[in-house]
Each structure stands twice: as structure tokens, then as C-alpha cells.
Amino acid sequence: MRAAEPARSGLPSWDIAVPSEPSRLPGVLMAGFSDRANDLAEVALVPHPAVTVLFDLGDNPLVVEDSAGRRQRARIVAGLAPGGVRGRGLAGSMECLQVRLSPLAAHAALGASAELGGTVAALDDVWGRDAERTQERLRAAGSWEERFAVAETALARRLDAGRVVDPEVAFVWQQMVVARGRVRVERLASEVGWSRKRLWTRFRSQIGLTPKRAAQLVRFDHAAHRLAAGQSAASVAADGGYVDQSHLHRDVVAFAGVTPAAVAGAPFLAVDEVAWAAGSTAFAG
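Numbers given in my numbering equal positions in the sequence shown, counted from 1, plus 28.
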């Protein structure tokens, strides 16, 4: 287990566990978070170009609330770009396993890509009884390594039996990730030999967002991490493909619901280098 203590004052300090070996499953990253000091009352989840699955393993349920005030507990799926999502800690220690799935992996493992775009849902509604069985095994595990193995086994079973994304859709998504969102969707449609309308329809049904929105999300993710690294909004806008700083500001507010300055201080971004050392390229798979 690695401990992460954000350098900026006022941020919570978590113990973070990461697998000793990279996952054998493409497009899958996992990390465990513990807050035994209970200094986490509430934290905003910054939108990310991955579908997030949370297994709550603490003393009391972690509550995740979306922008409409709907709440989910215990086993939670956060789809692509669900703005305004907040995690609320309750009395007692906080402990959870977080799994990040690329949209390609999520299509196979979760199945309901279009329905999960921009939403927060109960994993039980997607996996049925298997969601509860998986959490029971996670709670029974004696170490984080055992928990990672349990989660990987459950995901592998789902991935093997799941639906495969169209090769054309996978290619377009991979190009978005490699180019950090700075792509022309019409050109990508031409490259795969599809009409714009066909790409929009197939991509939306399998990834959960339109191609344009997905590219914007990937670009936003890189901008958010650069802001968190201490770069100025002006330089991030100039280097990130935004027309100007106002364009960056509008994009950040549209995705995260807060200003670039607030995103720069987001707790989860402060520990990303520890929790997700494999980097965003993992989400091309």
C-alpha cells in the first residue's frame, strides 16, 4: 500500500492501495482508498474519460449524490461525465475500492453504455445479484491484493461474456485518447468509412456520449490535470486546443460545475499520480 498526503493544505489525506502488478484486463484500472481519520466530509468527483465503479467497504455506507439530488449507496456506477456528483462520508471510517473502466471495457462489463452516459446508477441494477456477491467477497478478503483479485475475476467474467464495441467505434475512441481530444470527428468518420450520422449513432449507443462530447471530455481531463499540477489557466488554454481562456472556463464549468481554480484544488486530482499511475492511455483500450 502507498500512502498519499496531498501537499496543498486543506485537502484530506488518504491511504491509497494500488495493485502490485498491472491489470491483465485492457482498459481497467483499480485503486483502494481508506480514510480512517474520517477527515473526508464531502468531495466532488471530477468527470473523467472512464466509467467508475465504486464498492463501499467502510463502516457505514458512502453516499454518492448526483446533480439532481438522487443518492446511491454501497455499489455505485458513475457513467461518463456526470457533472455535479459528490461523495458524502458518514460517521466512521471511509474505505472503498474504485474501478475505472475505459468506455470500451465498460460496454462489455456493464452493457448499458448509452444508459450510463452522464448518470449515476446502482451496480445492482446492472449486474443484479452478482453485484452483491462481489461485494461480499471483497469484504471477506484479507488484503487489498485479495480485493483486487476478486474485482478482476468478476470483471474478467463479465468482459468475456460481454458485447464487443464495433472496431470503427473503438478506433475513433482510441484516436481521441491519443490526440487528447483534439480531433475532427468528421475526419475520423471518413477514415473508418462511415457517414457522420452512422458514427454518431453507433458511438453514442456504445460509448454513452456523442463523439463530439467524448472528445471534449478527453480534452477537459488533460486540462484539469494540468490545472491541478499548478499551470495557469492561460497556458492550459493555449496548449490544450481552446480558443482562449474564456473557452477553457466555459468547458470546465460545463463538465465539473465549478471554475478552473476550484478544479485545480480537487482532492482526487491531487492524488491521481499515486492512485492511477498507469495514466490516461490505459483508457484507450
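Even glycine gets a Cβ: it sits at the ideal position worked out from N, Cα and C.
Per DSSP, the bridge partner or partners of residue i
i	result
T80	A106, R128
G115	V71, V92
E11	Residue 11 is absent from the model: the chain starts at 29 and stops at 313.
V280	According to DSSP, which records beta bridges pairwise, V280 is partnered with nothing at all.
V148	A106
Boundaries (first-last residue) of the alpha helix (DSSP H) holding residue i
i	result
E196	195-206
D153	151-155
L57	Where L57 is concerned, there is no enclosing alpha helix (DSSP H), although the beta strand (DSSP E) it sits in stretches over 56-63.
V291	288-292
E174	172-189
T229	224-235
D249	239-256
Enclosing beta strand (DSSP E) for residue i [first to last residue]
i	result
E93	91-93
R101	99-101
Assigned exposure category for residue i - 16 Cβ within 10 Å defines buried
i	result
R191	exposed
V148	buried
V206	exposed
Nearest-angstrom beta carbon gap, residue j and residue i [assumed within contact, 8 Å]
i	j	result
A251	A298	Actually they are not in contact, since the Cβ atoms of A251 and A298 sit about 16 Å apart, beyond 8 Å.
S233	S141	7 Å
G146	A96	The pair is not a contact, with the Cβ atoms about 11 Å apart (cut-off 8 Å).
A137	L129	6 Å
Among the options, nearest to residue i - alpha-carbon criterion
i	options	result
F61	E49, A45, E196	A45
P288	W304, A265, D300, V302	A265
G86	A168, A78, F248	A168
G115	P295, A305, L187, A303	P295
P50	S223, A177, H135, E160	A177
L151	G107, W228, V193, A78	G107
V74	V302, V281, T238	V281
W201	A133, V105, R52	A133
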